[in-house]
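Protein chains: 4
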Amino acid sequence: MSDLTEATDSGRRAQTKTRNRDAILAAARRVFAELGYETASVRDIIRRTDLASGTFYNYFRSKEAIARALAADAAERLRPILRAERERATDLEGWLDGVIRAYFRYLVEEYGQASGLPHVRIDATPAQRAVFEELRESLTGILGDRLAPQADTDFLTAGAIGIARYVGEQMLRRAPPDPDAAARFAARMILHGLPAVARDG
Amino acid sequence: MSDLTEATDSGRRAQTKTRNRDAILAAARRVFAELGYETASVRDIIRRTDLASGTFYNYFRSKEAIARALAADAAERLRPILRAERERATDLEGWLDGVIRAYFRYLVEEYGQASGLPHVRIDATPAQRAVFEELRESLTGILGDRLAPQADTDFLTAGAIGIARYVGEQMLRRAPPDPDAAARFAARMILHGLPAVARDG
Amino acid sequence: MSDLTEATDSGRRAQTKTRNRDAILAAARRVFAELGYETASVRDIIRRTDLASGTFYNYFRSKEAIARALAADAAERLRPILRAERERATDLEGWLDGVIRAYFRYLVEEYGQASGLPHVRIDATPAQRAVFEELRESLTGILGDRLAPQADTDFLTAGAIGIARYVGEQMLRRAPPDPDAAARFAARMILHGLPAVARDG
Amino acid sequence: MSDLTEATDSGRRAQTKTRNRDAILAAARRVFAELGYETASVRDIIRRTDLASGTFYNYFRSKEAIARALAADAAERLRPILRAERERATDLEGWLDGVIRAYFRYLVEEYGQASGLPHVRIDATPAQRAVFEELRESLTGILGDRLAPQADTDFLTAGAIGIARYVGEQMLRRAPPDPDAAARFAARMILHGLPAVARDG
DNA sequence: GATGAATGAGTATTCATTCAT
DNA sequence: TATGAATGAATACTCATTCAT
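If you want it as structure tokens, here you go:
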């Protein structure tokens with residue numbers, strides 16, 4: 001084999017490598033979302049791939065490892081968006097709205113009906129939890145900055161997160177889901193409470 | 001054997017029986033809370049007991065069955081309290097406060113630090129989900145009654161539930177947890193939003 | 001307690017004892033016939049009794065032991081009848097007929113439709129095998145006596161036994177089963193072969 | 001790797017695979033024959049193999065499945081032979097002889113002393129029953145065709161089957177077993193009865 | 001790197017038998 | 001003697017992971 005061929009070969013190989021890795025990741029994402037981390041088996045994952053079971057372990061050390069990779073990847077995709085929203089905002093409401101919208105758009109992209117997934121619980125997999133944690137950190141950071149020192153920041157953040165979490169899940173049930181409207185709703189509810197959002201539904 | 005002895009005998013036996021049943025239930029409650037339903041094994045449960053593996057099946061038909069029993073029991077303990085709160089309340093805030101307080105008290109009783117449990121995720125077991133569902137139904141019922149028809153009841157209920165869920169979880173992390181204060185916080189946040197609760201923490 | 005009472009008591013006790021023993025035996029007979037020895041469990045047996053599981057072991061040392069008892073009992077009931085038939089007979093045909101009739105009557109009594117049992121395989125339990133073995137011994141004994149020394153007694157007995165076994169099973173499927181006719185058929189088939197019994201069905 | 005190596009590789013692998021499969025089947029055949037289907041455990045089977053317990057399930061879905069495979073395989077091996085015998089025969093005796101001989105040869109091959117098996121009950125496993133059922137169908141078919149309509153075909157077939165069954169079992173006890181002689185005996189006994197075969201043993 | 005069979009610890013559950021009452 | 005709960009070894013089967021090819 002000439003160097004040229006070899007170069008081509010290794011190019012192809014690298015290509016195959018990422019293609020396989022991506023295929024496994026994609027399969028795992030779906031399987032975890034459908035069955036939950038515990039119930040899903042490595043065999044479930046590779047079965048949705050044209051690879052053999054042993055190949056899984058060329059790419060990931062364990063079932064736990066792929067879940068972690070998935071989680072890290074999801075968190076890393078969301079993180080810069082959240083940061084951008086944080087910088088763009090001028091007031092608290094705008095900021096909340098931006099951050100939650102980013103999260104909701106992520107949810108729709110990942111678990112919206114187009115994904116063909118059945119009803120999705122939003123924290124059944126490590127990836128979902130990681131993404132949610134990303135949101136939590138953003139909220140914690142900002143609220144910690146802006147609230148009066150005597151405020152119960154933990155509880156406040158918890159409340160805000162709760163709204164985002166369950167309104168987000170509810171949004172995913174709608175056809176079509178509207179992440180922007182849902183985010184506006186959540187942000188207003190966080191800031192002004194139930195009566196404010198009850199008036200104009 | 002005299003009747004007296006016999007009565008004592010069967011009394012003791014019945015006593016042992018309930019003691020064992022309770023021990024298994026308690027162990028299961030802890031194990032499920034620590035590991036989650038899927039991860040927990042029947043062996044994990046009986047290992048925390050001084051009973052033999054087979055004994056588990058003298059009391060419960062299956063792992064699923066004990067989870068159901070735990071869930072039904074928990075839901076049934078909460079239900080009458082929720083109903084009572086519903087009747088006692090005169091305004092929406094009082095009502096929200098009462099219902100959430102009932103839920104939070106239940107959480108503290110069940111998963112407060114006294115239980116020696118590490119950090120508890122509030123919806124990892126069928127029992128927790130059943131209790132939470134009980135709360136959801138209460139909230140859904142009341143909010144459905146009181147809100148203007150054009151309001152987005154699903155989203156509103158989702159938001160209220162989210163606040164209760166995550167403020168409750170946060171409360172469990174405190175030493176000592178104060179369910180009444182936390183409930184007041186949650187109810188006010190639901191009704192008036194973040195600024196109202198940020199002022200006086 | 002006076003001696004008198006005691007005597008009465010122990011009389012009652014003995015009575016209860018045999019009643020219990022018989023109840024367990026009867027239940028076991030049915031359960032073994034329905035499920036086969038392997039599949040039947042001790043719990044299956046005592047469940048058909050108003051006794052408790054532990055009581056079983058006051059009467060029989062083990063599941064195997066009750067099966068042996070059942071087998072011995074059945075064999076002992078059949079044995080004198082077979083012996084009587086053997087003595088009554090004047091020729092080989094009469095003798096075969098008598099012995100097989102005794103066996104078939106036993107089958108009908110034990111496993112005929114009146115027993116409410118579903119289709120019965122005739123050698124699924126130790127008792128059935130013991131009874132069958134009794135028949136085999138009778139046949140072996142007689143044929144050994146009467147056959148020419150150069151005859152292949154083992155094969156001949158095997159053949160005769162086979163006819164009795166399968167014609168007997170077939171008979172049990174009929175409503176009502178007619179053990180006497182079936183025995184006559186079997187005896188004639190053994191002695192004269194298929195054409196003899198084919199003529200007059 | 002060159003194609004050649006690959007071919008060799010997969011050849012070896014396929015070889016191992018069939019070797020393992022055959023080893024499991026052989027072990028199962030023996031274990032079932034010795035202990036009966038109910039009593040035999042999957043562990044008993046793999047223990048007679050140098051494989052690990054999980055490996056069993058790479059080859060068969062369940063204990064039931066391997067029993068079915070064994071039964072189907074046995075029946076399929078016997079079926080064409082029986083059919084051939086049926087076509088070759090010119091008279092009833094020849095036909096009976098052929099069919100029973102096929103069955104007896106199968107028995108010797110499968111459970112003859114070379115197998116090292118202790119005394120074998122001929123209908124304790126699904127495979128044995130399947131093979132026997134194959135014989136029964138052959139006998140039923142032919143006798144149904146050739147007998148006078150008023151004949152009691154059920155009883156006649158039962159008798160013929162019984163002879164084959166027990167003479168076959170008896171034959172297996174001999175060293176060496178002679179399936180052809182035994183078949184001739186059985187066929188003659190079916191057709192002419194005991195005296196015919198008693199004369200020349 | 002890809003394959004897929006092999007591994008064996010682990011799972012829920014059953015059941016003959018024992019034993020305190 | 002009767003009771004029935006307790007026992008623990010055994011069962012069929014699963015699955016994350018390894019490894020020879």
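Keeping their order, the protein sequence lines are chains A, B, C and D. The opening position of the first sequence corresponds to residue 1 in full-length UniProt numbering, with each subsequent residue numbered one higher. The opening position of the second sequence corresponds to residue 1 in full-length UniProt numbering, with each subsequent residue numbered one higher. The opening position of the third sequence corresponds to residue 1 in full-length UniProt numbering, with each subsequent residue numbered one higher. The opening position of the fourth sequence corresponds to residue 1 in full-length UniProt numbering, with each subsequent residue numbered one higher. Each residue gets a CB set at the ideal place from its N, CA and C atoms; glycine is no exception. Quick caveat: nothing in here was measured; it's all calculated off a predicted structure.
Short Cβ contact (8 Å threshold) for residue i with residue j
{"i": "residue 72 of chain A", "j": "residue 49 of chain A", "result": "no"}
{"i": "residue 36 of chain D", "j": "residue 157 of chain D", "result": "no"}
{"i": "residue 107 of chain C", "j": "residue 191 of chain C", "result": "no"}
{"i": "residue 99 of chain C", "j": "residue 139 of chain C", "result": "yes"}
{"i": "residue 127 of chain D", "j": "residue 56 of chain D", "result": "no"}
{"i": "residue 112 of chain C", "j": "residue 177 of chain C", "result": "yes"}
{"i": "residue 164 of chain C", "j": "residue 194 of chain C", "result": "no"}
{"i": "residue 96 of chain C", "j": "residue 28 of chain C", "result": "no"}
{"i": "residue 196 of chain C", "j": "residue 188 of chain C", "result": "yes"}
{"i": "residue 39 of chain D", "j": "residue 38 of chain C", "result": "yes"}
{"i": "residue 169 of chain D", "j": "residue 118 of chain D", "result": "no"}
Proximity test, Cβ basis, 8 Å: residue i and chain A
{"i": "residue 185 of chain B", "result": "yes"}
{"i": "residue 167 of chain B", "result": "yes"}
{"i": "residue 38 of chain B", "result": "yes"}
{"i": "residue 218 of chain B", "result": "What the structure shows of chain B is the stretch from 1 to 201, and residue 218 of chain B is not part of that stretch, so it cannot be assessed."}
{"i": "residue 182 of chain B", "result": "yes"}
{"i": "residue 147 of chain B", "result": "yes"}
Any chain B beta carbon closer than 8 Å to residue i
{"i": "residue 11 of chain A", "result": "no"}
{"i": "residue 152 of chain A", "result": "yes"}
{"i": "residue 83 of chain A", "result": "no"}
{"i": "residue 195 of chain A", "result": "yes"}
{"i": "residue 155 of chain A", "result": "yes"}
{"i": "residue 15 of chain A", "result": "no"}
{"i": "residue 127 of chain A", "result": "no"}
{"i": "residue 160 of chain A", "result": "yes"}
{"i": "residue 142 of chain A", "result": "no"}
is_contact[residue i, chain D] using C-beta, thresh 8 Å
{"i": "residue 190 of chain C", "result": "yes"}
{"i": "residue 61 of chain C", "result": "no"}
{"i": "residue 199 of chain C", "result": "yes"}
{"i": "residue 1 of chain C", "result": "For residue 1 of chain C, the pLDDT reaches just 44, beneath the cut-off of 50, and the residue's location in the model is therefore unreliable, leaving the point undetermined."}
CB-CB length for residue i against residue j, believed under 8 Å
{"i": "residue 159 of chain C", "j": "residue 198 of chain D", "result": "In fact, because the Cβ distance is near 10 Å, the residues do not count as touching under 8 Å."}
{"i": "residue 141 of chain A", "j": "residue 153 of chain A", "result": "Wrong, their Cβ atoms sit about 11 Å apart, outside the cutoff."}
{"i": "residue 85 of chain C", "j": "residue 74 of chain C", "result": "Contact doesn't hold; Cβ gap of about 17 Å is too wide."}
{"i": "residue 182 of chain B", "j": "residue 104 of chain B", "result": "5 Å"}
{"i": "residue 92 of chain A", "j": "residue 146 of chain A", "result": "6 Å"}
N- and C-terminal bounds of the alpha helix (DSSP H) containing residue i
{"i": "residue 140 of chain B", "result": "126–146"}
{"i": "residue 94 of chain C", "result": "92–111"}
8 Å Cβ cutoff, residue i in contact with chain C
{"i": "residue 170 of chain D", "result": "yes"}
{"i": "residue 163 of chain D", "result": "yes"}
Write down every uninterrupted run of the alpha helix (DSSP H) in the UniProt domain "HTH tetR-type" (18–78) of chain B whose length is 4 residues or greater and which is fully enclosed by it, in chain order. Qualifying alpha helix (DSSP H) stretches, in chain order: 42–47 and 53–59.
Identify every run of the alpha helix (DSSP H) within the region 160–199 of chain C, keeping only runs that are complete inside it and at least 4 residues long; order them along the chain. Taken in chain order, the unbroken stretches of alpha helix (DSSP H) that lie wholly in the region 160–199 of chain C and span 4 residues or more are 179–192 and 194–199.
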